[in-house]
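**Q** Below are the structure tokens for one structure; questions will follow.
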């Protein structure tokens, strides 16, 4: 399974040798933290999959590793089974990917390490604490 590192300036996804082979990719993935718009935990990562596989490997509802092309960019998927995953939306300007979906047993820790601001639709709904 890929190893995730949250550095002060970027999220690094270190792929294993088999993941690199299955994704037809030679390098790891680095995402600048300032480009990450949001991240959510999902119990069903397959509902977030969009586009067509190119290049990569897939077994429906079992494994998806590689790049998926969508109408306005690319997503990177590293989904294994129906385990808990993290969906990371990325600002598309100059980024390699628009979205990364990765299965990890440390989803909550990843979200805490990314330190993203809480997403609220209406600022008036925020609860102030003293």
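In this note's numbering, the protein residues as written are -3 to 126. Just so it is clear, CB atoms sit at the ideal spot from N, CA and C, and this is done for glycine as well. Just so it is clear, the structure is predicted and the values come from calculations on it, not from any experiment.
With which residues is residue 28 paired in a DSSP beta bridge?
**A** 6
**Q** For residue 109, which residues of its own chain have a beta-carbon under 6 Å away from its beta-carbon, when the five flanking residues on both sides are left out?
**A** Taking C-beta separations shorter than 6 Å and ignoring five residues to either side along the sequence, the partners of residue 109 in its chain run 2, following chain order.
**Q** Confirm, please, whether the CB-CB distance from residue 62 to residue 18 is below 8 Å.
**A** yes
**Q** Less than 8 Å separating the beta-carbons of residue 50 and residue 65?
**A** yes
**Q** Helix, strand or coil for residue 33, going by three-state DSSP, please let me know.
**A** Here residue 33 sits in strand by DSSP.
**Q** Looking only at its chain, what residues have a beta carbon closer than 8 Å to the beta carbon of residue 86, apart from the 5 residues adjacent to it on each side?
**A** Taking C-beta separations shorter than 8 Å and ignoring five residues to either side along the sequence, the partners of residue 86 in its chain run 27, 31, 32, 33, 93, 94, 95, 96, following chain order.
**Q** Put residue 54 into one of helix, strand or coil per three-state DSSP.
**A** strand
**Q** Helix, strand or coil for residue 110 per DSSP?
**A** Helix.
**Q** So what's residue 1 in DSSP terms, helix, strand or just coil?
**A** strand
**Q** Let's see if you can read the secondary structure: which residues bound the beta strand (DSSP E) around residue 95?
**A** Membership of residue 95 in the beta strand (DSSP E) is indicated by the continuous run 95 to 99.
**Q** Just list the residues that DSSP pairs residue 49 with in beta bridges.
**A** 64
**Q** What number of angstroms, rounded off, separates the C-alpha of residue 8 from the C-alpha of residue 76?
**A** 19 Å
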